[in-house]
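Reviewing the structure listed below.
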Amino acid sequence: MSDNITVAGVSVDTRHWIGGERVASAGTFTDHSPIDGSALGEIARGGAAEAVAAVAAARDAFPGWAATPRAERARILHAIADGVEKRIEELAIVETTDNGALLRSHRRGVMPRVAHNFRFFADWLLRLGHEDFETRGHTNHVSWDPAGPCVLITPWNAPLMLATWKVAPALAAGDTVVLKPAEWSPLTASLLADIAAEAGLPAGVLNVVQGYGSEIGDALTSHPDVRRISFTGSVPTARRIAESAAANLTPLSLELGGKSPLLVFADADLDLAVDLAVEQYDNAGQVCLAGTRLLVEEPVAEEFTRRFTEKATALRQGDPRDEGTDIGPTIHPRQLEKIDGFVQRALAAGARAVIGGHRKDAQYYAPTLLTDVAQDSEIVQEEVFGPVLTLQTFTGEDEAVRLANDTRFGLAATVATGDRERAERVTARLVAGTVWVNCFFVRDLQAPFGGSRQSGVGREGGTWSFDFYCDLKNTVTAPEGWDQDHG
C-alpha cells in the first residue's frame, strides 16, 4: 500500500508511529468518509506485534522523559500547541472528512481547543504541588512521580480533542504514551504524531497505533509494562478492558456512556430551554454528554414541544463542509443501523415520532423526537448515540429527580429553571458527574470530569488528571539534627 493518502489536499501517513519512526503492517483496513461513503485509503492494521513494539518504545523512552525537568516538558507541550495552531485548517478538514462533524465547528472551536489542551496542562504542571506539612516535627513532602507508559484508547466522535484530553496531561505528568485511536476516525492522530515530532518530543514518548478492537487492544491493555489505561467509549468495551487489566492491577480511567436528562421546569426561560434541547442534536447526536431525555414539567410541555418542533425542523442537515449545515452524517453504516433499530423498536412499542423517526440519504438520520415512551423502555434506558431524543413530562421536583436518576448511567444532567433555590435543591439530588444549569457543554479543564454509576470510573481535569497519571509519593523527613543524634 502507499504510505500516504491525500485528504482534501492534506497528506496523511497511514502507518503507525512507533519509537519515532513510521512502521507498516502486513494488513490494512479501509477508512471511509461518512460524508459520502467514499474510501479515503488503506490504514495500517496493527495487532499484537505492533502493540508490543509500541509499549516497548514507550517503556524505553520513559526514564528519559520522566527525568526531563518540568519546565522543559512544558516548553515542548507549548511547542505542540504551536504546531496545532499552525495546522488548524488542515486538521479541521481532515477530521471533518474522516468523522463527519461540522467543519465550521472544527475550525472555530474544536481545533483551537486541542491547542488549549496542551497549553493548559503545560501551565498546570508548572504550578502543581502540595505545601509541605509537619507531623510531630517531621516534614511531609508530597511529590508527583511519573507513573510510566500509558495506553490511551479514544473514540471516534471527537477524535483529536478527546485524544488530547488524555495525551496532554499524560505527557505533562512525565509519562510516555501509546495512543490507539478509533478505527472509524484514525487520521488526525497520525497528524498529531507528526506535529509532536516537529515540536521536539523525544522518540518513543508518543506512539500511535491503529487497528481493530481486540486485535490490538487486548495486547495493549494486558501488557505488564503498562502503568495506566485511559479509555473513552462503551460500557461493554470497558468491561473487557477492565478484565484485561485486572491481572496486572493496572489503574483505569473510564469515561463511558450516558443517558443524560435535560430537566425543564415551568419557571424556566422557555426559549433558552428549547435552545438547550435543540443543541443536543450537535454532531448528529453523537455526543456522550448529550441530554437525550427531555423531562418537561406538565404546564409548559405543550408549548415547549411546539417551539422545539419549530426550531428543530429548521435545522439544515447535509454536507458538514458547508457553512450553512447544522447536522452532518452518522459516522458509519453500522452506527446508522444501530440508531434506526432503536427508533423502529420504540415506534413498534407505541412511541410516537413528533419529528423524524427515519433515515435520510446515505448515512444521514433525521433529527428525531419521540414521545409516549415508558420509563422502563429500551429507548429511555439505553444510549442510542444518534440524533434521537425522547420527551417525558413530570409534575414537581420529586418526580423530575426520580425520572432523571432512573437509569444505570450518571454522566451528566442539564437543568433549566428560573429559580436559583430550586436549581440548588435539584442539582444536589441528581446523580451525575457534571450538571449544567441554564447552559450546556461548558467545560473548564480545571474542573473534574467523569461519570457516576456505569458512566465511568475516576475523574480527569486539572489536578485530578495528575492524580491519575502520577504516582504520588510522601517523603517524611526527621527533624533537623537527626544525623547528630544517630550519626
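Using my numbering, you'd call the opening residue of the sequence shown number 34 and step up by one each time. Using N, Cα and C, we set each Cβ at its ideal position, and we do this for glycine too. All values reported here derive from a predicted model rather than from experimental measurement.
Among all the DSSP beta bridges, which residues are the ones paired with residue i?
| i | result |
| --- | --- |
| ALA77 | THR61 |
| CYS521 | Outside the shown range of the chain, which is 34 to 520, sits residue 521, and nothing can be said about it. |
| ASN37 | ASP46 |
| TYR397 | DSSP, once it has assigned bridges, lists no residue as partnering TYR397. |
| TRP469 | THR447 |
| VAL557 | Because the chain spans 34 through 520 in this model, residue 557 falls outside it and cannot be assessed. |
Residue i: which of the options sits nearest, CA to CA?
| i | options | result |
| --- | --- | --- |
| PHE341 | ASP69, ASP352, ALA310, PRO353 | ALA310 |
| THR423 | GLU430, ASP409, SER223 | ASP409 |
| ARG152 | ALA201, GLY142, GLN425, ALA345 | ALA201 |
| LYS213 | LEU204, SER263, ALA206 | SER263 |
| ASP300 | LEU193, LEU161, GLU330 | GLU330 |
| ALA81 | GLY383, PHE442, THR254 | THR254 |
| THR265 | LEU282, GLU248, THR187 | THR187 |
| LEU102 | PRO182, ASP208, GLY74, LEU73 | It should be pointed out that residue 102 corresponds to Pro in this sequence rather than to Leu. Of PRO182, ASP208, GLY74, LEU73, the residue nearest in Cα terms is ASP208. |
| GLN243 | SER488, ARG455, SER58 | SER58 |
| PHE442 | ARG486, GLY351, HIS111 | ARG486 |
For residue i, does the three-state DSSP call read helix, strand or coil?
| i | result |
| --- | --- |
| ILE46 | Sequence inspection shows Asp at residue 46; the Ile mentioned does not correspond to that position. Looking at ASP46 - three-state DSSP - the assignment turns out to be strand. |
| ASP178 | strand |
| GLU432 | helix |
| LYS119 | helix |
| LYS213 | strand |
| GLN350 | strand |
| THR147 | A small correction: the amino acid at residue 147 is Val; Thr does not occupy that position in the sequence shown. Residue state, collapsed to three classes: helix. |
| THR508 | strand |
| GLY489 | strand |
| ASN132 | helix |
| VAL464 | coil |
| VAL56 | strand |
| HIS139 | helix |
| ASP518 | In this prediction, ASP518 has a pLDDT of 46, which is less than 50 and means its spatial position is unreliable; what the coordinates show is noted afterwards. Reduced to three states, the DSSP call for ASP518 is helix. |
| HIS111 | helix |
| GLU288 | strand |
For residue i, is the classification buried or exposed, using 16 other Cβ atoms within 10 angstroms of its Cβ as the cut-off for buried?
| i | result |
| --- | --- |
| LYS199 | buried |
| VAL117 | buried |
| GLU276 | exposed |
| LEU322 | buried |
| HIS256 | buried |
| ARG146 | buried |
| LEU444 | buried |
| THR325 | buried |
| SER71 | exposed |
Which residues in the same chain have their Cβ closer than 8 Å to the Cβ of residue i, if we skip the five residues on either side of it in sequence?
| i | result |
| --- | --- |
| VAL434 | VAL459, ARG462, LEU463 |
| HIS171 | VAL509, THR510, ALA511, PRO512 |
Grab me the residues of residue i's own chain with a C-beta within less than 7 Å of its C-beta, minus the 5 sequence neighbours each way, in chain order.
| i | result |
| --- | --- |
| PRO235 | ALA94, GLY97, TRP98 |
| VAL307 | PHE337, ARG340, PHE341, LYS344 |
| GLY494 | LEU478, GLN479, ALA480, PRO481, PHE482 |
Answer yes or no: does any C-beta atom of chain C fall closer than 9 Å to that of residue i?
| i | result |
| --- | --- |
| VAL147 | No chain C is present in this structure, which holds just one protein chain. |
Who are the near neighbours of residue i in its chain, counting only those whose CB is closer than 6 Å to its CB and skipping five residues on each side?
| i | result |
| --- | --- |
| ASP452 | ASP300 |
| GLU416 | GLY290, LYS292 |
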